[in-house]
Amino acid sequence: MKHNHLQQKILRELLQWIRVERLEAGHKLVTSQIAKQFGVSRTPVLAALDVLVKDDVVHYDKNKGYLLACHYDALDEQLETLPESGLDKLYQSICDSHFANPLGELSEAEMMRRFDTSRALLLKCLSKILQEGWVVRNEGHGWQFIEVVNDETAYRESYEFRLLNEPAALLSESFQPDPDELASLIEEQQFIQNHGFEKLSAKELYDANIRFHETLISWANNRFTLQAIQRLNQLRRLVEYRQIETAMTRNIQSNEHLDILYAIQANEMQLAATLLKKHIERARSTKAPNR
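When we follow our numbering, the leftmost residue of the sequence shown carries the number 669, and every step to the right adds one.
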């Protein structure tokens, strides 16, 4: 069945959300909550759920509503059969162009010609990029693309910056982990460790990695450190998407994340800071070695 752009987008996001949240068969899918989660009306959500009902992924009960009919780890086939959307293709084209040669300032008309797209689709794509932080809308005219980490020197410098700041944040006197967030991070990293690293996309893994590091920094309760790390993560997003990591490397990463979280859980902060430093150093030596 052919889906329109919005239905296809909601279908993909809904399936990814079910998988990332590790929902099990029987979980109730509340349309109003999903609509709020994805920032859309209930109409495209209902259309997407009806498609999943026909695919036996979701079961509809007139008394209970929409219920997940299968386990979260059985959704790979549905995701693989969804065609790449026009938005995804345009996003990737803009990513590739900006990574290869910074786009600078461009008008919407220039981008429509350059990427052979409609204004409506372009604006949807720019809205997504705006949220990720590597484009800003000029007050008068056009859009300004922000230079990102796209060369080896800048990439190594980003790791040097993280080494100076992230382990130190764990040893801050104001560091105070949130128990619920800590439990959630442990659960997520355990899922990744337990073959989740083989199922999640590069973006899903990157987002989980960012969630881990930024949550740890947030517990230091220093707005400047957190803002600096968040900004750096925005700048290195594109280069991280291009890092080809083996399943083994991804598994090692989740193992190291868990060791750090367990040390924090045990209030062994010196050990946690040491493990975090080694974790970042290992990533640097793998992804940004000195030439």
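We put the CB at the ideal spot given by N, CA and C, even for glycine.
Values in this document were obtained by computation on a predicted structure and should not be read as measured data.
Open item on the list: Report the start-end ranges of each alpha helix (DSSP H) in the region 778-804 that is 4 residues or longer and not cut off at the edges.
Closed with: The DSSP assignment places complete alpha helix (DSSP H) segments of no fewer than 4 residues inside the region 778-804 at 787-800, in order along the chain.
TODO: Can you have a look at residue 947 and say buried or exposed, based on whether 16 or more other CB atoms are within 10 angstroms of its CB?
DONE: Taking the sequence shown and counting its residues from 1, the one referred to as residue 947 is at position 279. Buried is the label assigned to residue 947, since at least 16 other Cβ atoms lie within 10 Å of its Cβ.
Task: Bridge partners - residue 812, DSSP secondary structure assignment - done: For this step, residue 812 is matched to residue 144 along the sequence shown. Beta-bridge annotation (DSSP): residue 812 is paired with 773 and 804.
TODO: Would you kindly work out how many angstroms separate the C-alpha atoms of residue 689 and residue 812, rounded to a whole number?
DONE: In the sequence shown, counting from the first residue as 1, residue 689 sits at position 21. In the sequence shown, counting from the first residue as 1, residue 812 sits at position 144. The alpha-carbon separation between residue 689 and residue 812 amounts to approximately 35 Å.
Task: Spatial neighbours of residue 734 in its chain, beta-carbon cut-off 6 Å, leaving aside the 5 residues before and after - done: Here residue 734 is taken as the residue at index 66 of the sequence shown, counted from 1. 697, 717, 726 and 728, listed in sequence order.
Task: Closest Cα partner of residue 933 within the set 683, 887 and 704 - done: Stepping through the sequence shown from its first residue, residue 933 is reached at position 265. Looking at the Cα atoms, 887 is the closest of the given residues.
TODO: Would you identify the three-state DSSP class for residue 726, choosing helix, strand or coil?
DONE: Taking the sequence shown and counting its residues from 1, the one referred to as residue 726 is at position 58. Strand at residue 726.
Task: Proximity below 9 Å, CB of residue 883 to CB of residue 853 - done: Taking the sequence shown and counting its residues from 1, the one referred to as residue 883 is at position 215. Taking the sequence shown and counting its residues from 1, the one referred to as residue 853 is at position 185. At the C-beta level, residue 883 and residue 853 come within 9 Å of one another.
- [ ] Please name the residue in 705, 940, 904 and 738 whose C-alpha comes closest to that of residue 829.
- [x] Mapped onto the sequence shown, residue 829 falls at position 161. For residue 829, the closest of 705, 940, 904 and 738 by C-alpha to C-alpha distance is 904.
TODO: Please say whether residue 755 and residue 789 have beta carbons closer to each other than 9 Å?
DONE: Taking the sequence shown and counting its residues from 1, the one referred to as residue 789 is at position 121. Taking the sequence shown and counting its residues from 1, the one referred to as residue 755 is at position 87. Yes. Within cutoff.
Task: Bridge partners - residue 734, DSSP secondary structure assignment - done: Against the sequence shown, residue 734 aligns to sequence position 66. For residue 734, which the question treats as bridged, DSSP gives the partners 697 and 728.
Task: Close Cβ partners of residue 897 (< 8 Å) along its chain, the five nearest in sequence each way excluded - done: Taking the first residue of the sequence shown as 1, we reach residue 897 at position 229. Cβ within range, chain order: 830, 833, 834, 881, 882 and 885.
Task: residue 912 - DSSP class collapsed to helix/strand/coil - done: Here residue 912 refers to the residue found at position 244 when the sequence shown is read from its first residue. Any reading at residue 912 is ruled out, since the residue's pLDDT is 47, under 50, leaving its predicted position unreliable.
- [ ] Note down, in chain order, each residue of its chain lying with its Cβ closer than 7 Å to the Cβ of residue 801, except the 5 sequence neighbours on either side.
- [x] Here residue 801 is taken as the residue at index 133 of the sequence shown, counted from 1. Excluding positions up to five away in sequence, the list reads 902.
Task: Every unbroken beta strand (DSSP E) within the region 849-883, with a cutoff of 3 residues, ordered by chain - done: Annotation note: the region 849-883 contains no uninterrupted beta strand (DSSP E) run of length 3 or greater.
Task: Secondary structure of residue 888, DSSP reduced to three states - done: Residue 888 sits at position 220 when you count from the first residue of the sequence shown. Three-state DSSP puts residue 888 in coil, outside helix and strand.
Open item on the list: Going by beta-carbon coordinates alone, are residue 805 and residue 798 separated by less than 9 Å?
Closed with: The residue given as residue 805 occupies position 137 in the sequence shown. The residue given as residue 798 occupies position 130 in the sequence shown. Closer than 9 Å, so yes.
Open item on the list: Cutting at 8 Å between CB atoms, please list the residues of its own chain near residue 951, excluding the five before and the five after it.
Closed with: In the sequence shown, counting from the first residue as 1, residue 951 sits at position 283. Once the five neighbours on either side are set aside, the close Cβ partners of residue 951 are 827 and 921.
Task: Contact set for residue 678: own chain, Cβ-Cβ below 7 Å, skip 5 residues either direction - done: If you number the sequence shown from 1, residue 678 lands on position 10. So the qualifying residues of the chain are 706, 708, 712, 713 and 716.
TODO: Since I believe residue 793 is in contact with residue 762 (beta carbons under 8 Å), could you give me their beta-carbon distance rounded to a whole number of angstroms?
DONE: The residue given as residue 762 occupies position 94 in the sequence shown. The residue given as residue 793 occupies position 125 in the sequence shown. Cβ atoms of residue 762 and residue 793 come within 8 Å of each other, at about 7 Å.
TODO: Would you kindly work out how many angstroms separate the C-alpha atoms of residue 638 and residue 889, rounded to a whole number?
DONE: An answer regarding residue 638 cannot be provided, because it is not within the stretch 669 to 959 covered by the chain.
Task: Delimiting residues of the alpha helix (DSSP H) encompassing residue 829 - done: The residue labelled residue 829 in the question sits at position 161 within the sequence shown. For residue 829, the uninterrupted alpha helix (DSSP H) segment begins and ends at 820-838.
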